[in-house]
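S.K.: In this note's numbering, the protein residues as written are 116 to 512.
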Ligand SMILES: *Cc1c(COP(=O)(O)O)cnc(C)c1O
């Protein structure tokens, strides 16, 4: 059994804050500051360029990829770190499309994160007028899978509502119609057990600054199923994905397996932070994370619904159908969230009317939930949100 009091002690959370926004930016693991400082002073400062060899910087992307693999049900040697999630989405889509050359359609759903859809649009535009992104309602993906679809691109957990897709069933259907499946794990990795290999996923991508706590700008990851690893051709064919980067050959040859999905110089300082953040996961069982996160979510839903009938639940109640966040709708959602943040309950707002609250037992417990519920009840009862300063939108919501 995972000791969540012990994991909680490994985070540095500000006094007086109940942090329910780890689904957007995970908090600071205590060990990260020292690890990054060491990377700066001892590695960069003292080793200078020899750090690429001496400190193992060049291997960091695949070494850390293997640690992520354990958390997302991927085989060793199938995950590599680098770039941002949007870039990894592009890479996975481009490789997948090329592997189904007779088809031209990317299928996704309207609950997907806009950047994924934008990247798909941009890719289609550069491939030519025959290529198209088809977007259907989340509940219509299964029916929309037909023999015109080359690639199904789905984010497992909806960033707004927390609704969760059935990875295994959708992937099986995609394969039945001859399509490949690209899964975005932005709100799954570190939030719930993911079975990329067992679920048959062809490609997987995700970020690390949400539930994996790597800090702002932490690198993303990409997974390629072993059966495709030597066949997938990288569209972003950078030198570090080359078979022999230091041969400086005039033209590109893909590197071995997942290494080919590297692009350019890895973000060593961010990887150092991520490495420290991953140490928190060493004694953690994903099944424990899931069990407790659902219990925290249930407790929060029950508390908020009992105290604030005007907040309408946007997240499915069924455990199978949700991720690790709980969302409520209210027309004044933005102002309400600003008032909550002023009172120490940090969640976030997603247009047009969603208040999002992320739960993870790594550093949130049931007392936090009860306190958060009490504060939300007070903000709603006394309409504390109804003030002009809470209604001016900041650049980041
Ligand atoms: C958070 C998130 C992103 C963000 O992409 P970046 O390139 O890391 O900014 C993309 N897609 C999904 C589904 C997300 O949840």
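For every residue, glycine included, the Cβ atom is placed at its ideal position computed from N, Cα and C. In this text the structure is predicted, and so the values were computed from the model without any measurement.
Do residue 280 and ligand 3 come close, with the Cβ less than 8 Å from some heavy atom?
M.R.: Absence of ligand 3 from the depicted structure is noted, with ligand 1 being the only ligands included.
S.K.: Could you check which residue in 375, 309, 485, 400 has the C-alpha nearest to that of residue 203?
M.R.: Numbered from 1 along the chain shown, position 88 holds the residue referred to as residue 203. Of 375, 309, 485, 400, the residue nearest in Cα terms is 375.
S.K.: Taking its Cβ as the centre, do 16 or more other Cβ atoms sit within 10 Å of residue 105, making it buried, or is it exposed?
M.R.: Since the first residue of the chain shown is 116 and the last is 512, residue 105 is not available in this structure.
S.K.: Rounded to whole angstroms, how far is the Cβ of residue 452 from the Cβ of residue 459, which I believe are closer than 8 Å?
M.R.: Within the chain shown, the letter at position 337 stands for residue 452. Within the chain shown, the letter at position 344 stands for residue 459. Between residue 459 and residue 452 the Cβ distance is about 13 Å, and since that is not below 8 Å, they are no contact.
S.K.: Per DSSP, which residues does residue 331 bridge with? Please list them.
M.R.: On the chain shown, residue 331 is found 216 positions in, with the first residue counted as 1. DSSP output for residue 331 lists no bridge partner at all.
S.K.: Which residues mark the beginning and the end of the alpha helix (DSSP H) in which residue 175 is found?
M.R.: Within the chain shown, numbered from 1, the residue matching residue 175 stands at position 60. Element bounds for residue 175: 175-186.
S.K.: Collect the residues with a C-beta less than 6 Å away from any heavy atom of ligand 1 and give them in sequence order along the chain.
M.R.: Cβ-based neighbours of ligand 1 within the cut-off: 199, 200, 201, 228, 230, 231, 270, 274, 299, 301, 302, 322, 335.
S.K.: What are the boundary residues of the beta strand (DSSP E) that includes residue 245?
M.R.: The residue you call residue 245 lines up with position 130 of the chain shown. That residue, residue 245, is in no beta strand (DSSP E); it is neither H nor E in DSSP.
S.K.: With 16 as the cutoff for other CB atoms within 10 Å, does residue 161 come out buried or exposed?
M.R.: Stepping through the chain shown from its first residue, residue 161 is reached at position 46. Of the residues assessed, residue 161 falls on the exposed side of the cut-off, its CB having fewer than 16 other CB atoms within 10 angstroms.
S.K.: For residue 401, which of 416, 468, 326, 450 has the nearest alpha-carbon?
M.R.: Translated into positions along the chain shown, residue 401 becomes position 286. Minimum Cα distance to residue 401 is reached at 326.
S.K.: Check the DSSP bridge columns for residue 295 and list the partner residues they point to.
M.R.: Taking the first residue of the chain shown as position 1, residue 295 is located at position 180. DSSP, once it has assigned bridges, lists 266 as partnering residue 295.
S.K.: Apply the 10 Å Cβ neighbour rule to residue 361 and answer buried if 16 or more other Cβ atoms are within range, or exposed otherwise.
M.R.: Start at 1 with the first residue of the chain shown, and residue 361 comes out as number 246. Residue 361 should be labelled exposed.
S.K.: Taking a contact to mean a Cβ-Cβ separation below 9 Å, would you say residue 471 touches residue 494 in this structure?
M.R.: Residue mapping note: residue 471 aligns to position 356 of the chain shown, counting from 1. Residue mapping note: residue 494 aligns to position 379 of the chain shown, counting from 1. No, the pair does not count as a contact, with Cβ atoms beyond the cut-off.
S.K.: Label residue 271 either buried or exposed according to how many other C-beta atoms from any shown protein chain fall within 10 Å of its C-beta, with 16 as the threshold for buried.
M.R.: One-based indexing of the chain shown puts residue 271 at position 156. Around the beta-carbon of residue 271, 16 or more other beta-carbon atoms lie within 10 Å, marking it buried.
S.K.: Roughly how many angstroms lie between the CA atoms of residue 427 and residue 276, to the nearest whole one?
M.R.: Reading the chain shown from its first residue, position 312 is the one you call residue 427. Reading the chain shown from its first residue, position 161 is the one you call residue 276. Cα to Cα, residue 427 sits roughly 11 Å from residue 276.
S.K.: Near residue 425, what residues of its chain come up, given a Cβ to Cβ distance below 8 Å and the 5 sequence neighbours on each side ignored?
M.R.: As a position in the chain shown, residue 425 is number 310, starting the count at 1. Excluding sequence neighbours, residue 425 sits near 445, 495.
S.K.: Secondary structure at residue 206, three-state DSSP: helix, strand or coil?
M.R.: Position 91 of the chain shown, counting from 1, holds the residue named residue 206. Helix at residue 206.
S.K.: So who's on the other strand from residue 223, going by DSSP bridges?
M.R.: Position 108 of the chain shown holds residue 223. According to DSSP, residue 223 bridges with 250.
S.K.: Can you look up residue 440 in the DSSP assignment and give me helix, strand or coil?
M.R.: Your numbering for residue 440 matches position 325 in the chain shown. Residue 440: strand per DSSP, three-state reduction.
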